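Since the structure comes first, as structure tokens, the remarks are kept for the end.
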Amino acid sequence: MENSSFRSISKALRTILYCFSALLLLVFLLLGALDYSFDEPLAYSEIAESPENIYYMNYDVGTLGDNQRDQLIKYGYDLFVNTPDFLGPEAQDSILRFTGNGLSCNNCHLLAGTKAFAAPLIGIVNRFPQYRGREDKIGTIEERINGCMERSMNGHVMPEDQHEMKALVAYLTWLSRYSTEDGAMEGQGFVDLEIPERPVNLEKGKQLFVSVCVECHGPSGQGKRKEGSYVYEYPPLWGLDSYNNGAGMTRVITAAQFIKANMPFGTTYLNPKLSDEEAYDVAGYINQQQRPSKVNLERDFPNLMKKPVSTPYPPYVDSFSVAQHQLGPFQPIMDYYMQKHGVKKTK
Ligand code: HEC
Ligand code: HEC
Numbered sequence: 042m043e044n045s046s047f048r049s050i051s052k053a054l055r056t057i058l059y060c061f062s063a064l065l066l067l068v069f070l071l072l073g074a075l076d077y078s079f080d081e082p083l084a085y086s087e088i089a090e091s092p093e094n095i096y097y098m099n100y101d102v103g104t105l106g107d108n109q110r111d112q113l114i115k116y117g118y119d120l121f122v123n124t125p126d127f128l129g130p131e132a133q134d135s136i137l138r139f140t141g142n143g144l145s146c147n148n149c150h151l152l153a154g155t156k157a158f159a160a161p162l163i164g165i166v167n168r169f170p171q172y173r174g175r176e177d178k179i180g181t182i183e184e185r186i187n188g189c190m191e192r193s194m195n196g197h198v199m200p201e202d203q204h205e206m207k208a209l210v211a212y213l214t215w216l217s218r219y220s221t222e223d224g225a226m227e228g229q230g231f232v233d234l235e236i237p238e239r240p241v242n243l244e245k246g247k248q249l250f251v252s253v254c255v256e257c258h259g260p261s262g263q264g265k266r267k268e269g270s271y272v273y274e275y276p277p278l279w280g281l282d283s284y285n286n287g288a289g290m291t292r293v294i295t296a297a298q299f300i301k302a303n304m305p306f307g308t309t310y311l312n313p314k315l316s317d318e319e320a321y322d323v324a325g326y327i328n329q330q331q332r333p334s335k336v337n338l339e340r341d342f343p344n345l346m347k348k349p350v351s352t353p354y355p356p357y358v359d360s361f362s363v364a365q366h367q368l369g370p371f372q373p374i375m376d377y378y379m380q381k382h383g384v385k386k387t388k
């Protein structure tokens with residue numbers, strides 16, 4: 042009698058143990074699965090709290106296959122991230138030397154074009170064709186890429202049927218596959234900045250450059266290449282290997298917005314390290330240094346009313362000096378366009 046009740050108790054205990062282990066296993070498996078899905082590039086969860094947010098989507102080219110389309114996307118990604126190795130002035134295939142400096146697209150469109158407020162390119166193909174003020178016409182995605190080619194990359198136009206152009210477009214198309222029809226998204230472009238109502242303080246900008254930026258970009262802003270590659274680990278901020286004077290980044294307001302949400306490296310729009318004033322001063326300082334100059338800049342903005350106020354090169358349809366267009370104060374120029382023409386300028 043005693044023996045059999047002992048047996049039934051121990052059987053019950055064993056059943057409980059089995060159930061418990063099974064439950065534990067299930068919990069671990071579930072956690073594993075959850076962990077896996079949270080392993081995706083999470084960077085911008087905070088823009089929208091929900092994990093269904095577009096920044097959570099899979100933009101890992103490592104998950105692509107080997108068919109022709111996927112290979113083209115992966116090649117586009119490589120071009121985007123390691124640009125000078127393929128398209129730079131020292132690229133092995135001299136026919137492909139389209140860029141004129143050492144930058145990669147990824148140096149400004151961070152996290153391979155998926156970082157909020159670093160001019161992310163998710164949704165970008167859905168936003169084209171698009172009216173462009175610089176050319177005063179409707180432009181295609183290829184033309185927009187060539188805009189960065191000729192300016193940010195100090196290079197020359199890549200033909201639309203060039204395999205490398207097709208690869209870049211394939212990558213950007215893939216980045217846009219979860220986007221809304223119009224491609225609009227939160228985190229597009231750059232963060233807002235309260236533009237100080239004074240000119241850039243170049244002395245303060247220089248001090249900030251020395252205390253914050255030199256650590257990575259080097260004492261003379263020339264950056265540092267990766268070992269055994271033409272690709273920069275820390276890209277140059279001025280000099281022959283940097284963007285030319287026709288690039289968007291040479292507008293103090295644009296550079297300050299980029300810097301505020303992204304520099305020093307690791308910064309996001311949620312935890313800016315520099316104040317708006319500091320970002321403005323350091324942006325002004327780096328943009329006053331020597332860099333390649335682009336030809337035919339006077340042909341930009343056929344309709345000069347469309348020219349951003351911080352475009353550093355003339356002509357303008359106002360009587361403010363070139364120096365003020367480069368270093369501010371910008372409010373008087375913005376006020377002028379508002380009062381005289383009813384045009385609101387933001388950059
Ligand atoms: C020196 C920095 C820099 C580099 C390098 C650079 N870009 Fe850009 N790019 C910009 C800036 C600044 C803008 C303007 C963003 C804005 O106004 O919102 C821009 C805009 C764009 C746009 C339009 C984005 C939009 O939201 O409308 C595309 C597409 C683009 N770049 C592609 C490229 C490609 C491809 C490369 C490499 C071949 C490249 N860029 C290299 C700075 C850069
Ligand atoms: C911890 C290292 C680090 C620090 C500090 C840092 N940067 Fe950068 N910066 C980078 C890296 C890395 C990139 C390129 C990002 C990439 O390719 O993923 C970059 C890119 C840039 C770019 C765009 C590409 C180019 O070459 O023009 C600018 C502009 C820039 N940084 C400005 C600054 C300024 C201004 C400061 C100081 C306020 C600063 N950075 C501090 C690491 C750093």
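Just so you know, the sequence shown maps onto residues 42 to 388 in the numbering used here. No residue lacks a Cβ here, since even glycine has one placed at the ideal position from N, Cα and C. Predicted model only: the values in this text are computed from it and were never measured.
Would the C-beta of residue i count as close to ligand 1, meaning under 7 Å from any of its heavy atoms?
| i | result |
| --- | --- |
| G262 | no |
| A132 | no |
| Q112 | no |
| I374 | no |
| G289 | yes |
| I186 | yes |
| G269 | no |
| M194 | yes |
| A157 | no |
| F342 | no |
| F127 | no |
| H150 | yes |
| C257 | no |
| A160 | yes |
| M190 | yes |
| L65 | no |
Report yes if the C-beta of residue i is less than 7 Å from at least one heavy atom of ligand 2; otherwise report no.
| i | result |
| --- | --- |
| P305 | yes |
| S145 | yes |
| S334 | no |
| A297 | no |
| Y284 | yes |
| Y275 | yes |
| F361 | no |
Which stretch, first to last residue, makes up the beta strand (DSSP E) that contains residue i?
| i | result |
| --- | --- |
| Y357 | Element bounds for Y357: n/a, residue is neither H nor E. |
| G180 | 178-180 |
| Q330 | Q330 -> no beta strand (DSSP E), and no H or E assigned at all. |
| E274 | 273-275 |
Excluding sequence positions up to five away, which residues of its chain have a Cβ less than 8 Å from the Cβ of residue i?
| i | result |
| --- | --- |
| N344 | G174, D177 |
| I50 | none |
| M42 | Bear in mind that a pLDDT of 45 at M42, under 50, signals an unreliable position, so the number given afterwards is only what the model happens to contain. Here the set comprises nothing. |
If you measure between the beta carbons of residue i and residue j, is that distance less than 8 Å?
| i | j | result |
| --- | --- | --- |
| N99 | P333 | no |
| R292 | P353 | yes |
| F139 | M190 | yes |
| G224 | I165 | yes |
| Q171 | F231 | no |
| G262 | Q330 | yes |
| P277 | G269 | no |
| T124 | L144 | yes |
| A211 | G280 | no |
| N167 | E222 | yes |
| N285 | N195 | yes |
| V241 | G325 | yes |
| F169 | T155 | no |
| I179 | S220 | no |
Could you pull out every residue in the same chain whose Cβ sits closer than 6 Å to the Cβ of residue i, ignoring the five residues on either side in sequence?
| i | result |
| --- | --- |
| C149 | none |
| I236 | F371 |
| G287 | R192, K335, L338 |
| D76 | Reliability of the predicted coordinates at D76 is poor, the pLDDT of 46 falling under 50, and no value is obtained from them. |
| S78 | Any reading at S78 needs caution, since the residue's pLDDT is 43, under 50, leaving its predicted position unreliable; the model's value is listed next. Within the same chain, S78 has no close Cβ partners at all. |
Can you name, in chain order, every residue of its own chain whose Cβ lies under 7 Å from the Cβ of residue i, other than the five neighbours on each side?
| i | result |
| --- | --- |
| L120 | F127, L128, E205, A208, L209 |
| K301 | V232, L234, P313, L315, D317, A320 |
| A160 | C149, H150, G230, F231 |
| Q133 | none |
Let's see if you can read the secondary structure: which residues bound the alpha helix (DSSP H) around residue i?
| i | result |
| --- | --- |
| R110 | 109-122 |
| Q171 | Element bounds for Q171: not the alpha helix (DSSP H) but the beta strand (DSSP E), 171-173. |
| Y378 | 372-382 |
| K247 | 243-249 |
| H150 | From DSSP, H150 is part of no alpha helix (DSSP H); its letter is neither H nor E. |
| E256 | 255-258 |
| Y212 | 204-216 |
| L281 | Taken as a continuous stretch (DSSP letters only), L281 belongs to no alpha helix (DSSP H), as it is neither H nor E. |
| K301 | 293-303 |
| A364 | 363-368 |
Kindly indicate which residue of the options has the alpha-carbon position closest to the one of residue i.
| i | options | result |
| --- | --- | --- |
| V358 | V384, E184, K335, N337 | V384 |
| K386 | A364, K347, F361 | K347 |
| Q203 | H258, K115, E183 | E183 |
| Y96 | E227, L278, H197 | E227 |
| V272 | N94, T56, N108, E131 | E131 |
| H258 | V102, F361, I327, F158 | I327 |
| R266 | V253, D282, C254 | D282 |
| A364 | L216, Y275, L243, M290 | L243 |
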